[in-house]
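Chains as they are written, first to last, in this note's numbering: chain A, 45 to 301; chain B, 647 to 961; chain C, 388 to 665. Heads up, the thing below is written out as structure tokens.
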Amino acid sequence: MTRWVLGLGLCFLWAPVLLMAGFAFSDARQPFVWGGFSWRWFVALAGNERMLEAVTISLLVAAGAASLATLAGGALGWVLGRQGGFAGRGLFGALAAAPLVLPEVVTGLALLLLFVALEQVTGWPRGRGMLTLLLAHASLGAAYVAVVVQARLAGMGRQLEEAAADLGAGPGTVFRTVTLPLMAPSLAAGWGLAFLLSFDDVVLASFTSGPGATTLPLLLFSQLRMGPTPEAHALAVVLLAVAGLGVAVWYGWRRRA
Amino acid sequence: MSLRVEGLSKRFGAITALDGLELEVRAGEFLALLGGSGSGKSTLLRLVAGFEAPDAGRITIGGRDMAGLPPQRRPCAMMFQSYALFPHMSVAQNIGYGLRRAGMPERVRVEELLALVGLAGYGARRPAQLSGGQQQRVALARALATRPPLLLLDEPLAALDAGLRAQTGAELRRLQRETGTSFVMVTHDQAEALGLADRIALLAHGRLEQIGPPREVYASPATRFVAEFLGAANVLETAQGVFALRPERLRLGSLGRLAATVTQVAFRGDDWSVACVTAAGQTWRATLPGDATPPVPDTQLMLDWDDAAMVRLRA
Amino acid sequence: MIRALATAWLGLLVAVPLLVVLAIAFAIPDAGLPPFRLPVENGRWVEGNESWTVLTEDGFYLAALLRSLVVAGATAGLCLLLSYPMALGILRAAPGRRVLLLALVLLPLCIGFVLRMAAWVGLLRDSGLINQALLALGVISEPLPMLYSRGGLLAGMVHSYLPFALLPLYAALAARDTRLEEAAADLGAGAFTVFRTITLPGSAVAGAAAFLLVFIPAAGEFVIPAILGAPDALLAGGAIWQEFFAARDWPLAAAASVALLVALLPPLLLWQRLEQRR
């Protein structure tokens, strides 16, 4: 029985996506209307400078935010996973998890108000743009990285670190030679997760981005309300192809190893 | 190097793991820490190694007080029950870890150790590629690499199957003799303790029950606990005192001192184990040689023994 | 030292912003940039903040909040209903295939949130695919109004939030002890009974956590309702957005955010308690 539901569920997830991808090859201007096979929207996409610029900005912000989030989230996860009870640990844990659970409207509004207040008091940051957006995305990503790292550390147990200390390694050396290498896969997974979250985000970007830092989701969101954009559907196909290729490569590499 | 533990206490919440323990390990000796679960033997090891701090008491190694010293500064090395080999390093890198930390030359010593534990040529492999017995030997080599004067072993043979256990136990003994390191081995297996150690220390409820050479502890148990734990002795309470009687010193027949009914007879290869119940409801065990004819269950018979076989117990 | 840096991060980017929201909720709307004035002049409190009275007296916002909670509850419930059998289905597959199935669940996410919703618009609208197909087949004579309806909104919400319920539930079910279920079957329980009496209670904590992990963020969702929902049935997130961007009443938007957070406080605390239990 579960097989049926799984199949239905996967169909539910994929049907809209596949249909959109299929009709991206349609010659018609209206979406989801078949007008004969054509590559024209892919060509149009390649020439759409606004869209390409938005993609670039999204990629840059996502990479930057993911890297910052990995650093911060790694530290958060390590503190929560390896440091025993300390004063305020409950509050620390709650704040670390907050961006995960709170509605993005609230966190977006809160961060924007923070940036405005900071600007009033210190003069920085001057207006909103890529930097504020990067910080906002990093804040969200760090919460996710912290969860992944904390889970990994909990599953790892302390024996290996105790063994290293027993063999003469000081706390810094234990971290460098044992803890960090073992944490590395979860840090990488966290980076990927933070990257995807940033690349796909609409709400936080609406609040904390600014002129000149229009990300791809922001562009699509504004265009969506205005009318059909077949180039966007072509973009969906490209993204799907790239991601699908990435998964295939990773899967094949895993099988080999 | 010698180890001395004085008045050592440790509590975990409501549970008292160690209760004023006093113990001394002589330099160059192989001491077995024997006890059931909850006796405190693993806790003692962790306190000596420095992974936890005692609530009360003192730990001295080689005359030096270990109070406040973190594990990396203590002159002892630990072999973990789970081996705790670093999965992201090769066997050679694992063994050389302590050497690298101490700034000692690595290559020659690692080769030496690999040969010592019979794993020459395995240096480039990863721990995941080794069998349980091989991993155990790498863990041992790693602990011995910097020639620590005191080695703590936490149930080193527990994860091995029976045949390998005996052989590896003998190798441990040989290594200990050759290197002259003091070994403190925690085990719950009495055959291991009796066979390998210079002295056995029995722990119960966080306290030392008895310490001495294997033959002495076996033949002359001081307390009821030691008598029952080591060799499953029968306990006889008379007006003159409490005595222990080993199963192999009992005789079964029609004449004797104590009447009993046979409940169970089990063949163990080397011998027969006969369990019977006395009129008072106490279960007594006797051991008969393997070629003897054992009694049948539900038989009524008499248990007898020599006076010399009675060992007076203290408590 | 690391802890100090981590605390500074949390303080600056999580704690302070939330405090600022609380502060602005008491500010006075203004025409300038930024569009509010702090309610303190010469060290004395200034009247002029109406946010709280508007929130509590105007039934509009209360209705929006209630509607959000209902929609979020329905979304979380449907996600959980789908996630359980899907997760179990993936776990029943051969170990090598499980990764593939998980990748299949996650791949649609990569074309981006906005495009996925655009796909739903294309499917559900009067001239969309579903209506086209139904008309062509002769099942209906007039297009069904699916877009901007409750059903359409739910479809989009579930489509968006399903992976957020599926992944943690999958992780929890993967770690469970299947021998308990084998024991139950051995004692005579049928498949559904095993699920009802062993699997479900055993994973209750994870299930509840997954429910809340969808419910709490979904309560503040506004993009999906903006694209797929009815314009007159405003939800809390939409109300906050409107007040902030359209009406430029930042104090009211901040106050509405605080109200939303207060409404979500019980589920939030419950979620924290559940996480600690695991």
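Yeah, the Cβ is synthetic: ideal placement off N, Cα and C, and Gly gets one too.
Pair within 7 Å by beta-carbon distance, residue i and residue j
i: Q718 of chain B; j: A209 of chain A; result: yes
i: A646 of chain C; j: L442 of chain C; result: yes
i: T792 of chain B; j: A748 of chain B; result: yes
i: A673 of chain B; j: M712 of chain B; result: no
i: A257 of chain A; j: I101 of chain A; result: yes
i: V784 of chain B; j: V754 of chain B; result: no
i: R958 of chain B; j: F889 of chain B; result: yes
i: I415 of chain C; j: G435 of chain C; result: yes
i: G852 of chain B; j: D665 of chain B; result: yes
i: V149 of chain A; j: G607 of chain C; result: yes
i: V193 of chain A; j: G118 of chain A; result: yes
i: L120 of chain A; j: V407 of chain C; result: no
i: W637 of chain C; j: P422 of chain C; result: yes
i: P404 of chain C; j: A154 of chain A; result: yes
i: L615 of chain C; j: A474 of chain C; result: no
i: V145 of chain A; j: A393 of chain C; result: no
i: I846 of chain B; j: A837 of chain B; result: no
i: L786 of chain B; j: V763 of chain B; result: yes
i: G696 of chain B; j: P721 of chain B; result: no
i: W85 of chain A; j: A98 of chain A; result: no
i: L603 of chain C; j: L651 of chain C; result: Position check: residue 603 of chain C holds Ile in this sequence, whereas Leu was assumed. Cβ distance < 7 Å, so I603 of chain C and L651 of chain C count as in contact.
i: A617 of chain C; j: Y548 of chain C; result: no
i: D952 of chain B; j: G902 of chain B; result: no
i: G742 of chain B; j: E752 of chain B; result: yes
i: R650 of chain B; j: T706 of chain B; result: yes
Candidates the options, of which the one nearest residue i by Cα
i: V881 of chain B; options: B:R853, B:T924, B:G915; result: B:T924
i: G594 of chain C; options: C:W507, C:P555, C:A617; result: C:P555
i: G199 of chain A; options: A:L184, A:E148, A:M227; result: A:M227
i: L184 of chain A; options: A:L204, A:G152, A:G53; result: A:G152
i: S514 of chain C; options: A:L54, A:Q74, A:V49, A:F67; result: A:Q74
i: L510 of chain C; options: A:E93, A:A65, A:M270; result: A:A65
i: D564 of chain C; options: C:A490, C:T586, C:R512, C:V545; result: C:T586
i: M45 of chain A; options: C:P426, C:G476, C:D445, C:T462; result: C:G476
i: A774 of chain B; options: B:E752, B:Y743, B:H734, B:L759; result: B:H734
i: W918 of chain B; options: B:Q928, B:L934, B:G927, B:A905; result: B:L934
i: V49 of chain A; options: C:F447, C:P472, C:E437; result: C:P472
i: F598 of chain C; options: C:L425, C:Q659, C:G538, C:A640; result: C:Q659
i: A186 of chain A; options: A:V160, A:L241, A:A292; result: A:L241
i: L848 of chain B; options: B:G742, B:F871, B:R861; result: B:F871
i: A926 of chain B; options: B:A879, B:G915, B:L904; result: B:L904
i: L175 of chain A; options: A:Q164, A:V189, A:F159, A:L139; result: A:F159
Residues bridged to residue i (per DSSP)
i: A850 of chain B; result: B:R853
i: L891 of chain B; result: B:N880
i: K656 of chain B; result: B:L664
i: M725 of chain B; result: B:L799
i: I705 of chain B; result: B:V651
i: W930 of chain B; result: B:C922
i: P416 of chain C; result: C:F423
i: E670 of chain B; result: B:R650
i: W432 of chain C; result: C:V427
Practice task
Please confirm if the stretch 512 to 520 of chain C is in contact with the stretch 472 to 492 of chain C, defined as three or more CB-CB distances below 8 Å between the two stretches.
Solution key: no
Handout entry: Contact the stretch 214 to 232 of chain A vs the stretch 265 to 284 of chain A: 3+ CB pairs below 8 Å
Key = no
Handout entry: Near-chain B residues of the stretch 214 to 230 of chain A (beta-carbon distance less than 9 Å), N- to C-terminal order
Key = G214, P215, T217, V218, T221, V222, P225, L226, A228
Problem - the stretch 794 to 813 of chain B contacting the stretch 821 to 836 of chain B, beta-carbon criterion three pairs below 8 Å - result: yes
Handout entry: Touch test, the stretch 571 to 579 of chain C against the stretch 492 to 499 of chain C, Cβ-Cβ under 8 Å, three pairs minimum
Key = no
Problem - Contacting positions in the stretch 152 to 169 of chain A - beta carbon closer than 8 Å to chain C - result: L153, A154, L155, L157, L158, V160, A161, Q164
Exercise for the section: Quick one: which residues of the stretch 181 to 209 of chain A get their C-beta closer than 8 Å to a C-beta of chain B? List them in chain order. Expected result: Q203, L204, E206, A207, A208, A209
Practice task
Specify whether the stretch 936 to 951 of chain B and the stretch 904 to 915 of chain B touch according to this definition: at least 3 beta carbon pairs, one from each stretch, less than 8 Å apart.
Solution key: yes
Problem - Sufficient close CB pairs (3 or more, under 8 Å) joining the stretch 498 to 508 of chain C to the stretch 234 to 252 of chain A - result: yes
Problem - the stretch 530 to 539 of chain C touching the stretch 548 to 563 of chain C, judged by at least three CB pairs closer than 8 Å - result: no
Exercise for the section: For the stretch 760 to 776 of chain B and the stretch 679 to 699 of chain B, state whether three or more C-beta atom pairs, one from each stretch, are separated by less than 8 Å. Expected result: no
Problem - Any 3 or more C-beta pairs closer than 8 Å across the stretch 103 to 110 of chain A and the stretch 266 to 275 of chain A - result: no
Problem - Contact between the stretch 812 to 827 of chain B and the stretch 851 to 866 of chain B (3+ Cβ pairs under 8 Å) - result: no
Handout entry: Residues within the stretch 940 to 954 of chain B neighbouring chain A, beta-carbon criterion of under 9 Å
Key = none
Exercise for the section: Identify each residue in the stretch 65 to 76 of chain A for which the Cβ-Cβ distance to at least one residue of chain C is less than 9 Å, and report them in chain order. Expected result: A65, F67, Q74, P75, F76
Exercise for the section: Residues of the stretch 389 to 411 of chain C with a CB closer than 9 Å to any CB of chain A: list them in chain order, please. Expected result: I389, R390, L392, A393, T394, W396, L397, G398, L399, L400, V401, A402, V403, P404, L405, L406, V407, V408, A410, I411
Handout entry: Members of the stretch 93 to 126 of chain A near chain C, C-beta cut-off 7 Å
Key = A116, A119, L120, W122, V123
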